[in-house]
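Asks: Residue numbers (this note's numbering): 127 to 556. By construction, the Cβ of each residue, glycine as well, lies at the ideal position given by its N, Cα and C atoms. Have a look at this one.
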């Protein structure tokens, strides 16, 4: 979402009046504990009423509505769904139809239906087995697993336009690039120099992270601090297993304040409590800011006296790197499994003056957040959607936060640490 979109659609939005009777309709869909989808098929008129209510909830309660209402016609989609309903309608069929109808138009990783169905559209990196460097004319292949495009070949700038992903440089500082693309689904191949070159999903995305919420170790003189989860239960369980108590994240960060280099791994971190990464960065850096703006749709059910839906915006201070106290180099490892509060950790790490982000794009889960659950009264179809919208520089729902340096490796910890040692970055300056 662009800054001008956020300002126009949320910050400066004129309140939307609630039609007569809409407040009661919204309240009728408030989540009910123990609600289940009906076992018997619904009369088609009951199903149509649930569809109408579903789209009313989108319009007045979902933070994504102002943004997506400019991109497709919700009313036309609603009418198509109602016209496609059989008679009678199984509740599961209604749920699947609602999800499938929205999915081509909406990317919202938090929007989900109980029983199955999400509106996420992850955009992933797919790479060739070719690495290049900039040459006088075009790009020289420096590593390749293809006999028909071997090392030493030259590719024109036209061949690789919009296909270069900067990776770890050589120890002498030469900038290197992976060749690939970003896509919602696996393209399979890429045309390169008139050849059909196979693509594979970024291997860093598939890296299997060991269990436990957090752990720390050293690899050949390089300190690694890994947070696999910020879920409060997992953190408490890990603390108990290690004989720790309370929130140890600040102390963990503080213990690395004098390290010349630190690898903070967020690989596989699906999120939890964003306070944990904030505490870690505060300990390490003496300063932590998650630079973002947020708009909250003030909903009828949270403001019973109101008969309009209005947006209230607030934001954090801008990052001031002059306040960063960590003098070492922080390498943040991230991948497509880094999500939600895991992505908040990436944002907090931007408070560190010498931070470098390595790996692949994060999940891109969090543009529309802070969930509320709803239950459609006739069918029992239950779903969750956000009532806040978060605007962060460089963040795009589904695409996520891009790294500074891409890594296509099934051993990202080992490869990054080996590169750090080869460059001598783990040695303290005299």
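In the DSSP assignment, find the unbroken alpha helix (DSSP H) run with residue 367 in it and report its ends.
Replies: Looking at the DSSP string, the run of the alpha helix (DSSP H) that includes residue 367 is 358-367.
Asks: Skipping 5 residues on each side, what residues in its chain have a beta carbon closer than 7 Å to that of residue 397?
Replies: Contacts found: 356, 465, 466, 467, 468.
Asks: Nearest to residue 202 by alpha carbon, out of 485, 218, 181, 343?
Replies: 181
Asks: What separation, rounded to the nearest whole angstrom, lies between the Cα atoms of residue 190 and residue 300?
Replies: Here the alpha carbon of residue 190 sits roughly 43 Å from the alpha carbon of residue 300.
Asks: Which full runs of the alpha helix (DSSP H) of 4+ residues lie inside the region 424-509, going along the chain?
Replies: 467-475
Asks: What are the start and end residues of the beta strand (DSSP E) that includes residue 309?
Replies: First-last of the beta strand (DSSP E) with residue 309: 302-309.
Asks: DSSP on residue 210, reduced to helix/strand/coil?
Replies: helix
Asks: In angstroms, rounded to a whole number, what distance separates the CA positions of residue 561 and residue 406?
Replies: The structure shown does not extend to residue 561, since the chain is modelled only from 127 to 556, so the question has no answer here.
Asks: Pull up the distance between the alpha-carbon of residue 408 and that of residue 375, whole angstroms please.
Replies: 9 Å
Asks: Can you give me the C-alpha to C-alpha distance between residue 484 and residue 437, rounded to a whole angstrom?
Replies: Computed Cα separation, rounded: 36 Å.
Asks: Give every residue of the same chain whose Cβ lies closer than 8 Å to the Cβ of residue 540, excluding the five residues on either side of it in the sequence, and list them in chain order.
Replies: Closer than 8 Å at Cβ, skipping near neighbours: 345.
Asks: Pull up the distance between the alpha-carbon of residue 195 and that of residue 206, whole angstroms please.
Replies: The straight-line gap from Cα to Cα measures roughly 16 Å.
Asks: Short of 7 Å in beta carbon distance, which residues of its chain neighbour residue 440, apart from the five on each side in sequence? Order them along the chain.
Replies: 420, listed in sequence order.
Asks: Once the 5 residues before and after residue 427 are set aside, which same chain residues still bring their CB inside 7 Å of it?
Replies: At residue 427, the pLDDT of 47 sits below 50, so the modelled position is not reliable and the matter cannot be decided from this model.
Asks: Take residue 216 as the anchor and find which of 542, 168, 499, 496 has the nearest alpha-carbon.
Replies: That would be 168, whose Cα lies nearest to the Cα of residue 216.
Asks: Residue 218: which of 140, 452, 166 sits nearest, CA to CA?
Replies: 166
Asks: Using 8 Å as the threshold, is the region 142-150 in touch with the region 382-402, meaning 3 or more CB pairs across them?
Replies: no
Asks: Since I believe residue 475 is in contact with residue 390 (beta carbons under 8 Å), could you give me their beta-carbon distance rounded to a whole number of angstroms?
Replies: At roughly 7 Å, the Cβ-Cβ gap stays under 8 Å, so residue 390 and residue 475 are in contact.
Asks: In chain order, what are the residue ranges of uninterrupted beta strand (DSSP E) at least 3 long that sit wholly in the region 230-266?
Replies: Counting whole runs of 3 or more residues, the region 230-266 contains the beta strand (DSSP E) stretches 234-239, 250-260.
Asks: With residue 478 and residue 452 assumed to form a contact (beta carbons below 8 Å), what rounded beta-carbon distance in angstroms separates them?
Replies: 5 Å
Asks: Around the C-beta of residue 230, are 16 or more other C-beta atoms found within 10 angstroms, so that it is buried, or is it exposed?
Replies: Counting of Cβ neighbours within 10 angstroms places residue 230 among the exposed residues, the total staying below 16.
Asks: Of the choices 442, 501, 160, whose alpha-carbon is the least far from that of residue 519?
Replies: If we check each option's Cα against that of residue 519, 442 comes out closest.
Asks: Return the first residue and the last residue of the beta strand (DSSP E) that residue 316 is part of.
Replies: 315-318
Asks: Can you tell me where the beta strand (DSSP E) with residue 324 in it begins and where it stops?
Replies: Per DSSP, the continuous beta strand (DSSP E) segment holding residue 324 begins and ends at 321-324.
Asks: Return helix, strand or coil for residue 396, following the three-state DSSP convention.
Replies: Under the three-state reduction of DSSP output, residue 396 falls in the coil class, being neither helix nor strand.
Asks: Taking residue 389 as part of the beta strand (DSSP E), name the residues at either end of that continuous run.
Replies: 387-391
Asks: In terms of residue numbering, what span does the beta strand (DSSP E) encompassing residue 291 cover?
Replies: 290-293
Asks: How many angstroms separate the CA atom of residue 172 from the CA atom of residue 501?
Replies: 14 Å
Asks: Based on DSSP bridge pairs, tell me the residues matched to residue 350.
Replies: 343, 389
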